[in-house]
Amino acid sequence: MELSKETLIKIDEVIPKYPEKRSAALMVIHLVQDELGSISDESCSWIADKLSLQPINIKELITFYPMLRETPWGKTHVRVCRTLPCALRGSYGTCKILEDKLGVKEGHVREDGEYSIEFMECLADCGEGPVVMVGEETYENIEGKNADKFAKLLVEKELNSSKEFSSYEDGLVVSPPVSKKTSKK
Amino acid sequence: MIKKSTPKERRIILKHADDPNYSNKIDCYLKKGGYSVLKKAFKMKPEDIGEEILKSGVRGRGGAGFPAGMKWKFLDRKSGKPIYLICNADESEPGTFKDRQIMYKDPHQLIEGMMIAAFAIQAKQSFIYIRAEFFEGARILERAIEEAKEKNLCGDNILGSSFSCDLVVHRGAGAYICGEETGLIESLEGKRPNPRIKPPYFPAVLGLYQCPTIVNNVETLCNVKHILEMGGDEFAKIGKPNNTGTRIWCVSGHVKKPGYYEFECGALTLGEMIYDVCGGLLPGRSLKAVIPGGSSSKILRADERFTGKLKDGTEFDWGIDDIPLDFDGPASAGSMSGSGGIIIMDDTVDMVEAMANINAFYAHESCGQCTPCREGSLWMRKITKRMCSGHAREEDADLLLSVANQIEGRTICAFGEAASWPTQSFIAKFRDEFELKAKNDHSKPTLQLI
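These protein sequences, in sequence, are chains A and B. Taking this note's numbering, the leading residue of the first sequence gets 1, the next gets one more, and so forth. Taking this note's numbering, the leading residue of the second sequence gets 1001, the next gets one more, and so forth.
Here it is, written out as structure tokens:
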């Protein structure tokens, strides 16, 4: 397992923030997963070592938390909210449209590794449902015809430059922006 | 008929949140008088701050509505162990999206509230436990904390005093159960978030690392700032007795203008919220049901009557539109205001589908520690899903009810109740639809929910 210098520095910075090393487990896992896409057995052992724990102490977290992964999602990971408020606004239809357009079923990664879709539980933006996250950006009211257009732009890799869809994050009053659009490595 | 004027919002917590000229940076916050209450707090005795919070009567905004001042009182100060403060920013009750607005748009308000709270309870260290889907939210908070540290408003020797309290942003990883405060603490200790056995009933006695710990919701901690600014007695004048302050109601589902709205507690009724504030239902639709406090709260049927006696002895006879929006209103109607997530459902909703949707959520989120909840929630999902795919049986309503009744009260944490209340209330109020499914109704509903 190889991690970039940048990630190693971040890991070394985050551990001493906690009164007990073990508390840093989730944050260290996040950092490793952000870079590698998932947590392999090797990564488990490495993280455990780093925190003076046993590999099972990390494995039990990876297998519990929905956002921690043993295998990576696609290069572009799309999260569609499934829970009631979004469903009332049509998220089942939205998910279907995205599945069709991106050529992958929810819960799966497309064969070429390009896209994956996760039909997941509440994303806490229920007033603007259906809510779709692309990577770390949140898009609101993605439904019906709108969802068709959204999926098309996403496939054509033109979502970021489109004026029709701006994310919740982009809508925040920040100057200069906190962080630019984060593309998954 | 004279049309009543639309109730006006009273924005205290969201005062600046949607101002196009207001950013989440510290300069903006300082320009609006930010951190002046922190300065005031540091001139007070810590225990006097606690007294103001107690006087204010503020109740927790996370869901349970427990008086925050009382929670602080339970703190074990004699143990000699370090005290911790945790902000519960795991916002994950379906229907709730208020804390997001605060953290993304006005993070310094939360940091100021937290530092005042930390000083009041003499916390050694504080954490913000934020749900991991709030990627940018965590970055905004981290940057805001750095800004506050540079100005000596957080971290070491705050405002030049001898009091230090670091603030760390800790990200969860997508588990609903981390909103349960003892589950959150386990998660923060780096373990699986299995809620702890009670007693001790409050982390204020034994919490993080078995030390006294206070866990408060984002909105509650913001209120701490405003309480201290105006004084506990003044704050208590906002809203109604036992329901003080404002509340941010999150409205979702089938209304024209869903969104978050901050009102004084009890300033409006559910009907005014739906028809005046949210513009009413979608064209041509009629109201069928409302879930008033996040998906765990019991559903209310549009045509039921709610009767009984309020705490002050007055009798009430309400239709659904008459329910006052505060803590006690939805509770008097047999449900709860919970986390303030109001989910509106119109006549296009098939109640068995809606039930199946909710059951799928709880089956996914049960931590699996207690057998009744782990097995029961899965069975409830399975049964309702089967009912929606043309295989409903006559006995299903009773079967579902018996499963739900065997979960409630038999689990370590309140998730058991959260998972069984929807089923119990859906069947109590819409049994006809559950029974109809078994008879003849195999038609696909227009709105797919499962």
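Quick reminder that beta carbons are idealized off the backbone N, C-alpha and C, glycines included.
Query, Result
"Please determine, among TYR1201/B, GLY1190/B, VAL1352/B, PRO1372/B, the residue with the shortest C-alpha to C-alpha distance to GLN202/A.", "Past the boundaries of the shown model lies residue 202/A; chain A is included only from 1 to 185, so the question cannot be answered."
"Of all Cβ atoms in chain B, is any one closer than 8 Å to the Cβ of HIS30/A?", "yes"
"For PRO1258/B, go through chain A and note every residue whose CB falls closer than 9 Å to its CB, in chain order.", "PRO85, ARG89, CYS126, GLY127, GLU128, GLY129"
"Could you tell me whether the Cβ of LEU1449/B comes closer than 8 Å to any Cβ of chain E?", "Of the chains in the structure shown, none is chain E; the protein chains are A and B."
"If you measure between the beta carbons of ILE1177/B and CYS1367/B, is that distance less than 8 Å?", "yes"
"What would DSSP say about TRP1318/B, mapped onto helix, strand or coil?", "strand"
"Considering only residues of the same chain and omitting the five flanking positions on each side of ALA87/A, which have a CB-CB separation below 6 Å?", "none"
"What are the boundary residues of the alpha helix (DSSP H) that includes ALA1397/B?", "1396-1407"
"Hey, how far is the Cα of PRO19/A from the Cα of ILE1083/B?", "12 Å"
"Can you check which of these residues, CYS122/A, ILE56/A, TRP73/A, is closest to VAL104/A by C-alpha distance?", "TRP73/A"
"Between which residues of its own chain and GLN1448/B is the CB-CB distance below 8 Å, once the five residues before and five after are set aside?", "GLU1353"
"How should LYS185/A be labelled, buried or exposed, when 16 other C-beta atoms within 10 angstroms of its C-beta is the threshold for buried?", "Note on LYS185/A: pLDDT 36, under 50, position unreliable in the model; the coordinate value appears next. So LYS185/A counts as exposed."
"When you compare the CB positions of THR1096/B and CYS1211/B, do they come within less than 8 Å of one another, or not?", "no"
"Do the stretch 1322-1338 of chain B and the stretch 1262-1273 of chain B make contact, defined as three or more Cβ pairs closer than 8 Å?", "yes"
"For the stretch 46-105 of chain A, list the beta strand (DSSP E) runs that are entirely contained and at least 3 residues long, ordered along the chain.", "76-81"
"Buried or exposed for ASN1359/B, going by 16 or more other Cβ atoms inside 10 Å?", "buried"
"Is VAL1168/B close to chain A, meaning its C-beta is less than 8 Å from at least one C-beta of that chain?", "yes"
"Between which residues of its own chain and TYR1362/B is the CB-CB distance below 6 Å, once the five residues before and five after are set aside?", "SER1377, ALA1419"
"In the DSSP assignment, what are the bridge partners of ALA1089/B?", "ILE1130/B"
"Quick one: is PRO1203/B near chain A, going by C-beta distance under 8 Å?", "no"
"Determine whether the Cβ of SER183/A lies closer than 8 Å to any Cβ atom of chain B.", "Annotation note: pLDDT 42 at SER183/A (below 50); position unreliable, no value reported."
"Say whether chain B places a C-beta atom closer than 8 Å to the C-beta of GLU140/A.", "no"
"Which residue spans inside the stretch 1317-1378 of chain B form an unbroken alpha helix (DSSP H) run of at least 4?", "1328-1332, 1351-1365"
"Residues bridged to LYS1309/B by DSSP?", "GLU1315/B"
"Relative to the alpha-carbon of LYS1124/B, which residue among THR1220/B, LYS1429/B, MET1387/B, TYR1209/B has its alpha-carbon at the smallest distance?", "TYR1209/B"
"Let me know the secondary structure DSSP gives LYS1008/B once reduced to three states.", "coil"
"Taking all protein chains shown into account, decide if TYR139/A is buried (16 or more other Cβ within 10 angstroms of its Cβ) or exposed.", "buried"
"Is TYR115/A close to chain B, meaning its C-beta is less than 8 Å from at least one C-beta of that chain?", "no"
"Taking 6 Å as the limit between beta carbons, can you name the residues of its chain near THR1182/B, skipping five residues before and five after?", "PRO1195, ARG1196"
"Could you tell me the distance, in whole angstroms, from the CA atom of THR63/A to the CA atom of GLU137/A?", "25 Å"
"Does the Cβ of PRO177/A have 16 or more other Cβ atoms within 10 Å, making it buried, or fewer, making it exposed?", "A caution first: PRO177/A carries a pLDDT of 44, below 50, which makes its placement in the model too unreliable to give a value."
"How about LEU1085/B and MET1114/B: do their beta carbons lie closer than 8 Å?", "yes"
"Using the Cα positions of VAL14/A and GLU1091/B, report the straight-line distance between them to the nearest angstrom.", "23 Å"
"CYS126/A and PRO1094/B - do their beta-carbons sit closer together than 8 Å?", "yes"
"Verify whether the separation of the beta carbon atoms of ASN1024/B and ALA1144/B is less than 8 Å.", "yes"
"For TYR1201/B, count neighbouring Cβ atoms within 10 angstroms of its own Cβ and tell me buried if that reaches 16, exposed if not.", "exposed"
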